[in-house]
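Counted from 1, the sequence shown has number 1034 at position 333 by our numbering; the numbering is strictly sequential.
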Amino acid sequence: MVFLLLICKILFFIGIGGLASFSVITRLSTDPENNKVNFLYALGLGPALASLVIYYLLLIIPSLTSSIYLSIILLFFVSLIFVNLKAISIFLQIVKSLFVNGLTIFQLKKGLKNYFYDTNNVLIGILLIVMVFGVKNILLTQIPGHDVLEYMTQGDYIFHDKAIEYVAHRYYPKTGFYYVGLHGWSFPLQVTLEKMVDDLFFFGYDLYFKSLTLFYGILLLLIIYYWTKRYMNVVYAFSIVCVLCLAKGYLTSISYFHIDSYRMFFFSLSFLFTLQQINNPNLKLLVLLSFFAGTSGFTHSLGVIISVIIGAGLFLYIQKDWIYKSKFLLLYTVLVLLFGEIHYIIDIVHGTGWIFKEIDFY
């Protein structure tokens, strides 16, 4: 029952949410060569998009039931799928090809040397080793570290309150819990979303939230492999994958329950799309850059600083006239705020004061 519930959560937030994101991405980026990497982007965008929707719902219309909130999120996902219905068949075709390629590694009738000549088999083998390592820790290890425990506790309180409230001090007298985090709500809201699904089934476990660390770590690995192979060659791509998988820091980041792999996914894609925008400014793809930058900020305070640096870089290095660059930067700023970073403005004005609460003015 625990794993069946986990599958339901994955299908909802990553599956349907990923399909919704993929429909929008393929509408904005029409190059069919990018479908596979867009698929990877979309899978990562699904949970983040769900957290953004539930944030606005809890902020604007609090105190509703879990079923109503989840229904609204589902309707929102479905509406995005209608943006590009052709994306459904492409999405399902990629999913099918992944299963087919995944099964080939278990076809023992092949000669051993053929496995190493097939790059797909080698990559799948590496990912299976990483997944076994990560899943082992997810299933057999309690969540350590104050960082995630703090996020989990805050997400649990948001679920019980059914509201996003901005106050000077987030203190809960019944438990003595005092939330001192300076970061956005995207990561804690993943707990809130999981609790809402659990509420429907009158049963729950935190496997979905715990699995996000491994999930985003693998996604980032695959995206790095894709772009390195495309712009360099397969040898460089496999070299980077092997180095990362043998690095203690990477293995720790995907198995130790922390925010790192989640936020690094959006940080990295923000930089990638920034480079693409500087080389070839595109208003449609600016929406994706803004979402990645906004979500990175909505996840971690460092993302806010990065989004400001990205905005400055776009303005300075895009080879267009000043009027175009000013409009480009204005649109970027509005979208970044809309995609999550508005949280910090509200927090400064009506909440904890964010980083400014640490500053004494004389």
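Where is the CB? At the ideal position from N, CA and C, for every residue including glycine.
These numbers were taken from a predicted model, which means no experiment stands behind them.
Determine whether the beta carbon atoms of Phe958 and Phe992 lie at a separation below 8 Å. Here residue 958 refers to the residue found at position 257 when the sequence shown is read from its first residue. Here residue 992 refers to the residue found at position 291 when the sequence shown is read from its first residue. In this structure, Phe958 lies away from Phe992, with their beta-carbon atoms at least 8 Å apart.
Just how far apart, CA to CA, sit Ile865 and Ile762? As a working mapping, residue 865 is identified with position 164 in the sequence shown. As a working mapping, residue 762 is identified with position 61 in the sequence shown. When rounded, the distance between both Cα atoms is 10 Å.
Just tell me which of Leu712, Leu976, Met853 and Trp1055 has its CA closest to the CA of His884. On the sequence shown, residue 884 is found 183 positions in, with the first residue counted as 1. Residue Trp1055 is the option with its Cα nearest to His884.
Nearest residue (CA-CA) to Gly1052, options Val868, Asp862 and Gly718: For this step, residue 1052 is matched to residue 351 along the sequence shown. Of Val868, Asp862 and Gly718, the smallest CA-CA separation from Gly1052 is found for Val868.
Assigned secondary structure, Tyr906 (DSSP; H/G/I helix, E/B strand, else coil): For this step, residue 906 is matched to residue 205 along the sequence shown. Coil.
Quick one: residues in its chain with C-beta nearer than 6 Å to the C-beta of Arg728, no 5 flanking neighbours on either side, listed in chain order? Locating residue 728 in the sequence shown gives position 27, counting from the first residue. For Arg728, where only same-chain residues beyond five positions count, the Cβ hits under 6 Å are Val784 and Asn785.
Measuring only the C-alpha atoms, how far is Leu771 from Lys863? Taking the sequence shown and counting its residues from 1, one reaches residue 771 at position 70. Taking the sequence shown and counting its residues from 1, one reaches residue 863 at position 162. One C-alpha to the other measures close to 12 Å.
Keeping to the same chain, check which residues put their C-beta closer than 7 Å to that of Pro889; ignore five residues upstream and five downstream. Here residue 889 is taken as the residue at index 188 of the sequence shown, counted from 1. Taking C-beta separations shorter than 7 Å and ignoring five residues to either side along the sequence, the partners of Pro889 in its chain run Tyr852, Gln855, Gly856 and Ile859, following chain order.
So, does the segment 993-1001 touch the segment 957-977, judging by three or more C-beta pairs under 8 Å? As far as the Cβ criterion goes, the segment 993-1001 touches the segment 957-977, which means the pair count is three or higher.
If you count every other CB in all the chains shown that lies within 10 Å of the CB of His1044, and 16 or more means buried, which is it? Taking the sequence shown and counting its residues from 1, the one referred to as residue 1044 is at position 343. The C-beta of His1044 has 16 or more other C-beta atoms within 10 Å across all chains shown, which makes the residue buried.
Excluding the 5 residues flanking Leu901 on each side, which residues of the same chain have their C-beta closer than 8 Å to its C-beta? For the purposes of this step, residue 901 is identified with residue 200 of the sequence shown, where counting begins at 1. Beyond the five residues adjoining it in sequence on each side, Leu901 comes within less than 8 Å, by CB distance, of Ser767, Ser768 and Leu771 in the same chain, given in chain order.
Hey, is the segment 736-747 in contact with the segment 711-720, meaning 3+ C-beta pairs nearer than 8 Å? With a cut-off of 8 Å on Cβ pairs, the segment 736-747 is in contact with the segment 711-720, counting three or more such pairs.
Can you tell me which of Ala1013, Ile791, Ile1046 and Ile755 puts its alpha carbon nearest to the alpha carbon of Leu1031? Position 330 of the sequence shown, counted from the first residue, corresponds to residue 1031. Answer by Cα proximity: Ala1013.
Leu781 versus Val881: straight-line alpha-carbon distance, rounded: Mapped onto the sequence shown, residue 781 falls at position 80. Mapped onto the sequence shown, residue 881 falls at position 180. A straight-line Cα-Cα distance of about 36 Å links Leu781 and Val881.
DSSP bridge partner residues for Arg931 (one or two, in chain order): Counting from 1 along the sequence shown, the entry for residue 931 is found at position 230. Answer is none; Arg931 lacks a bridge partner.
Strand pairing of Phe974, partner residues [DSSP]: Here residue 974 refers to the residue found at position 273 when the sequence shown is read from its first residue. Per DSSP, none; premise fails for Phe974.
In the DSSP output, which residue or residues are listed as bridge partners for Arg871? For the purposes of this step, residue 871 is taken as the residue at position 170 of the sequence shown. Arg871 pairs with Tyr880.
Alpha-carbon to alpha-carbon, Gly719 and Ile726: Residue mapping note: residue 726 aligns to position 25 of the sequence shown, counting from 1. Residue mapping note: residue 719 aligns to position 18 of the sequence shown, counting from 1. Roughly 10 Å separates the two Cα atoms.
According to the neighbour-count rule (16 or more other Cβ atoms, all chains shown, within 10 Å of its Cβ), is Asp732 buried or exposed? Reading the sequence shown from its first residue, position 31 is the one you call residue 732. Residue burial is scored here from C-beta neighbours: Asp732 has fewer than 16 other C-beta atoms within 10 angstroms and is therefore classed as exposed.
Taking the alpha-carbon of Ile1010 as reference, which of Ala749, Phe972, Tyr1025 and Asn981 has the nearest alpha-carbon? The residue given as residue 1010 occupies position 309 in the sequence shown. Per the Cα distances, Phe972.
Whole-angstrom Cβ separation of Tyr926 and Val942, contact assumed at under 8 Å? Here residue 926 corresponds to residue number 225 of the sequence shown, with the count starting at 1. Here residue 942 corresponds to residue number 241 of the sequence shown, with the count starting at 1. The Cβ separation is near 5 Å, so the contact holds.
List, from N- to C-terminal side, the alpha helix (DSSP H) runs of 4 residues or more that fit wholly inside the segment 943-1005. Every alpha helix (DSSP H) of 4 residues or more that sits fully in the segment 943-1005 is shown, in chain order, as 949-956, 961-980 and 984-1000.
Can you list, in chain order, the residues of its chain with a C-beta nearer than 7 Å to that of Ser724? Leave out the 5 residues immediately preceding and following it. Here residue 724 is taken as the residue at index 23 of the sequence shown, counted from 1. The residues are Leu781, Ile782, Val784, Asn785 and Ala788.
Check Phe783 in the structure and name its three-state DSSP category. Along the sequence shown, one-based indexing puts residue 783 at 82. Residue state, collapsed to three classes: coil.
Here's a check: name, in chain order, each residue in its chain whose Cβ is nearer than 7 Å to the Cβ of Tyr873, leaving out the five neighbours to either side. By 1-based counting over the sequence shown, the position of residue 873 is 172. Excluding sequence positions up to five before and after Tyr873, its CB lies within less than 7 Å of the CB of Tyr858, all in the same chain and listed in chain order.
Check each candidate in Ser722, Val936 and Trp928 and name the one with the smallest Cα separation from Phe792. As a working mapping, residue 792 is identified with position 91 in the sequence shown. The shortest C-alpha to C-alpha distance from Phe792 to any of Ser722, Val936 and Trp928 is the one to Ser722.
What are the boundary residues of the alpha helix (DSSP H) that includes Asn735? Position 34 of the sequence shown holds residue 735. First-last for Asn735: undefined, no H or E at that position.
Please determine whether the Cβ atom of Ala751 lies at a distance below 7 Å from any heavy atom of the ligand GTP. As for the ligand GTP, it is missing from this structure, which has no ligand bound.
Which same chain residues end up closer than 7 Å to Leu921 when comparing Cβ atoms and leaving out the 5 residues on each side of it in sequence? Within the sequence shown, numbered from 1, the residue matching residue 921 stands at position 220. In the same chain as Leu921, and ignoring 5 residues on each side of it, the C-beta atoms closer than 7 Å to its own belong to Ser962, Met965, Phe966 and Ser969, in chain order.
If you check the beta carbons only, do Leu758 and Ile773 fall under 8 Å apart? Taking the first residue of the sequence shown as 1, we reach residue 758 at position 57. Taking the first residue of the sequence shown as 1, we reach residue 773 at position 72. Yes; because the gap between Cβ atoms is below 8 Å, this pair is in contact.
Looking at Val892: is its Cβ nearer than 8 Å to the Cβ of Phe910? Counting from 1 along the sequence shown, the entry for residue 892 is found at position 191. Counting from 1 along the sequence shown, the entry for residue 910 is found at position 209. Yes, the Cβ-Cβ distance between Val892 and Phe910 is below 8 Å.
Who are the near neighbours of Gly1004 in its chain, counting only those whose CB is closer than 6 Å to its CB and skipping five residues on each side? For this step, residue 1004 is matched to residue 303 along the sequence shown. Here the set comprises Ser997 and Gly998.
Contact defined as beta carbons within less than 8 Å: I believe Ile924 pairs with Val796. What is the distance between those atoms, to the nearest angstrom? Looking up residue 924 in the sequence shown gives position 223. Looking up residue 796 in the sequence shown gives position 95. Approximately 17 Å separates the beta-carbon atoms of Ile924 and Val796; this is outside 8 Å, ruling out the contact.
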